[in-house]
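Peer 1: Here you go, one structure.
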Amino acid sequence: MVEVRIPGFKHLQLEHLVLDFNGTLACDGVLEEGARDLLVRLSRDLEIHVVTADTHGNAAAACKGLPCRLVILPGGDQDVSKRDYVRALGAGRTACIGNGRNDRLMVREAAISMCVIGEEGASAETAAAAHVVCRNAGEALALLVHTGRLVATLRS
Numbered sequence: 000m001v002e003v004r005i006p007g008f009k010h011l012q013l014e015h016l017v018l019d020f021n022g023t024l025a026c027d028g029v030l031e032e033g034a035r036d037l038l039v040r041l042s043r044d045l046e047i048h049v050v051t052a053d054t055h056g057n058a059a060a061a062c063k064g065l066p067c068r069l070v071i072l073p074g075g076d077q078d079v080s081k082r083d084y085v086r087a088l089g090a091g092r093t094a095c096i097g098n099g100r101n102d103r104l105m106v107r108e109a110a111i112s113m114c115v116i117g118e119e120g121a122s123a124e125t126a127a128a129a130h131v132v133c134r135n136a137g138e139a140l141a142l143l144v145h146t147g148r149l150v151a152t153l154r155s
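For the sequence shown, numbering that gives the first Met the number 0 assigns the number 0 to the initial residue and increments by one for each residue that follows.
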């Protein structure tokens with residue numbers, strides 16, 4: 000569990016991390032440098048779930064060996080499917096990281112969420128729904144390792 004008290008905001012007790020793959024953890028289907036090590040570190044405290052439309056068809060290969068559950072969504076209503084996945088885990092115990100428009104509902108639903116604006120860019124709707132906006136996956140993941148950064152950003 001990752002626990003953090005953010006004055007004037009929330010007391011987080013996180014058990015799950017749900018991430019999008021393409022545009023968030025990867026660009027053009029290639030895992031972002033440094034993401035693997037951070038995911039391994041976070042897996043000590045959180046159950047990690049990669050939930051993706053798998054745009055490039057290689058998420059399984061790219062995530063091989065990662066301490067995560069990979070969920071490849073069928074076409075249609077992926078935004079709703081991602082949100083429902085977070086709800087099923089328990090939104091109040093879940094952190095989310097995404098960038099695409101189909102991530103906006105899960106980002107809005109989660110106890111804490113980050114939007115990544117990487118090489119692929121980010122949906123304005125998803126950025127507006129997130130609690131924190133980061134330049135890349137490494138920065139977003141590091142917020143959950145170095146939770147004082149979340150406190151500094153989100154406190155009242």
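A virtual CB, placed ideally from N, CA and C, is assigned to each residue, including glycine.
So, are the CB atoms of I96 and V115 less than 8 Å apart?
Peer 2: The count along the sequence shown starts at 1 and reaches residue 96 at position 97. The count along the sequence shown starts at 1 and reaches residue 115 at position 116. Their beta carbons are under 8 Å apart, which means I96 touches V115 by this criterion.
Peer 1: Using 10 angstroms around the beta-carbon of H145, count the other beta-carbons present and answer buried if the total reaches 16, otherwise exposed.
Peer 2: Against the sequence shown, residue 145 aligns to sequence position 146. Exposed, because fewer than 16 other Cβ atoms sit within 10 Å of the Cβ of H145.
Peer 1: For K9, report the span of its beta strand (DSSP E) as first-last.
Peer 2: As a working mapping, residue 9 is identified with position 10 in the sequence shown. Where K9 is concerned, the enclosing beta strand (DSSP E) stretches over K9 to L13.
Peer 1: When burial is assigned at 16 or more other CB atoms within 10 Å of the CB, is H10 buried or exposed?
Peer 2: As a position in the sequence shown, residue 10 is number 11, starting the count at 1. With fewer than 16 Cβ atoms within 10 Å of its Cβ, H10 is classed as exposed.
Peer 1: Runs of 4 residues minimum, wholly inside the stretch 55-141: which ones carry the alpha helix (DSSP H) assignment?
Peer 2: 58-61, 77-88, 103-108 and 123-128
Peer 1: Excluding the 5 residues flanking R107 on each side, which residues of the same chain have their C-beta closer than 6 Å to its C-beta?
Peer 2: For this step, residue 107 is matched to residue 108 along the sequence shown. Answer for R107: A128, listed in chain order.
Peer 1: Would you call the CB atoms of D19 and G99 closer than 8 Å?
Peer 2: As a position in the sequence shown, residue 19 is number 20, starting the count at 1. As a position in the sequence shown, residue 99 is number 100, starting the count at 1. Yes.
Peer 1: Report back the beta-carbon spacing between I141 and L37 to the nearest angstrom; my notes put them in contact at under 8 Å.
Peer 2: Walking along the sequence shown from the start, residue 141 turns up at place 142. Walking along the sequence shown from the start, residue 37 turns up at place 38. Note that residue 141 is Ala in the sequence shown here, rather than Ile. Distance from A141 to L37 at the Cβ level is roughly 6 Å; contact confirmed, criterion being Cβ atoms closer than 8 Å.
Peer 1: Expressed to the nearest angstrom, what Euclidean distance is found between the alpha-carbon atoms of R35 and V1?
Peer 2: Numbered from 1 along the sequence shown, position 36 holds the residue referred to as residue 35. Numbered from 1 along the sequence shown, position 2 holds the residue referred to as residue 1. Their backbone Cα atoms lie some 19 Å apart in a straight line.
Peer 1: Please say whether I47 and C67 have beta carbons closer to each other than 8 Å?
Peer 2: Within the sequence shown, the letter at position 68 stands for residue 67. Within the sequence shown, the letter at position 48 stands for residue 47. It is a contact, given that the beta carbons lie within the stated cut-off.
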